[in-house]
Each structure stands twice: as structure tokens, then as C-alpha cells.
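Novice: Pasting a structure here, questions to come.
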Amino acid sequence: MQDDVWEKASLSIESIESVTPGPPGTAGGEAVCVVRCIDGTARLGMVFRHCGSGSDVSATEPRLTLTAIEWYGKQVEQLDTVHSGKVTLAGSGVATLAKRDVLDSAPGVTTR
Numbered sequence: 019m020q021d022d023v024w025e026k027a028s029l030s031i032e033s034i035e036s037v038t039p040g041p042p043g044t045a046g047g048e049a050v051c052v053v054r055c056i057d058g059t060a061r062l063g064m065v066f067r068h069c070g071s072g073s074d075v076s077a078t079e080p081r082l083t084l085t086a087i088e089w090y091g092k093q094v095e096q097l098d099t100v101h102s103g104k105v106t107l108a109g110s111g112v113a114t115l116a117k118r119d120v121l122d123s124a125p126g127v128t129t130r
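Under this note's numbering, the final residue of the sequence shown carries the number 130; numbering is consecutive throughout.
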């Protein structure tokens, strides 16, 4: 299978299970959320921008890396359109996530 770094995906947050702030003095953190993939295929290592519900997206917007995907109790590498799963997101801005926010992938940016 070809690794396509230009692939696009969008996730809609259904609920937020936990948010863990990063160490003091850092902007990072981690959030565990239940999401629905509403466009494309979300893959481990993809970087997402927090579009929020009405927030103004810019190039300097915090970015979140998809570090884990759980689907029906199993760890998987991807989440396809119309499927829901539990994901772990790491990076700055996790504390600003809210139910119904939409996360769009940042095309061409992956950490994996």
C-alpha cells in the first residue's frame, strides 16, 4: 500500500473522556476522545488542526497528533469514514477541545 502523506481526514468529536495537561512549562498535553470520522481515513501519526465550532483557523493554530485509535476494543492503525472510535490526540490545545468540534488533517504533515 502506498503511503499517501497528502491524504485528508476530518474527525467530529462526540465526547471527551479525559484531558491530561503536559508537564509544567510546556504547551503539550493529551486528550482521549470518542470521534466519528466524517471525511477520509484517519491514520496513526496524522496531524490535525482544531477547527472548533466556530473558531477561526489559521496556520498558527495548535496541531494535534493522532497517537492511538481504538475501534470496538481493539487498537487499529486507521479509522474510516462513517466509523466511530476512541482516539488519543497529543499536542498543544487539547484543553480547548469540546464536543462537536471538528478536527481537519493538515495535508502533507505526519509524524509517523
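We put the beta carbon where it would ideally sit given N, CA and C, even for glycine.
Alpha carbon to alpha carbon, what distance is there between Thr59 and His68?
Specialist: Approximately 17 angstroms between the Cα atoms of the pair.
Novice: Assuming Cys51 contacts Leu115 under a Cβ cut-off of 8 angstroms, what Cβ separation, rounded to an integer in Å, is found between them?
Specialist: Indeed, because the Cβ distance is near 7 angstroms, the residues count as touching under 8 angstroms.
Novice: Does Ala60 come out as helix, strand or coil in the three-state DSSP assignment?
Specialist: Ala60 falls in the strand class under three-state DSSP.
Novice: Sorted by chain position, which residues of the same chain lie with C-beta nearer than 7 angstroms to Gly46's C-beta, five sequence neighbours on each side aside?
Specialist: Around Gly46: Gly40, Ala108, Gly109 and Ser110.
Novice: Pull up the distance between the alpha-carbon of Glu35 and that of Ala49, whole angstroms please.
Specialist: Taking the straight line joining both Cα atoms gives about 8 angstroms.
Novice: Please list, in chain order, all residues of the same chain as Ser73 whose beta carbon is under 6 angstroms from its beta carbon, the five residues on each side excluded.
Specialist: Model confidence at Ser73 stands at a pLDDT of 47, short of 50, so the residue's coordinates are unreliable; what they give is reported in the following sentence. Taken in chain order, the list of residues that qualify is empty.
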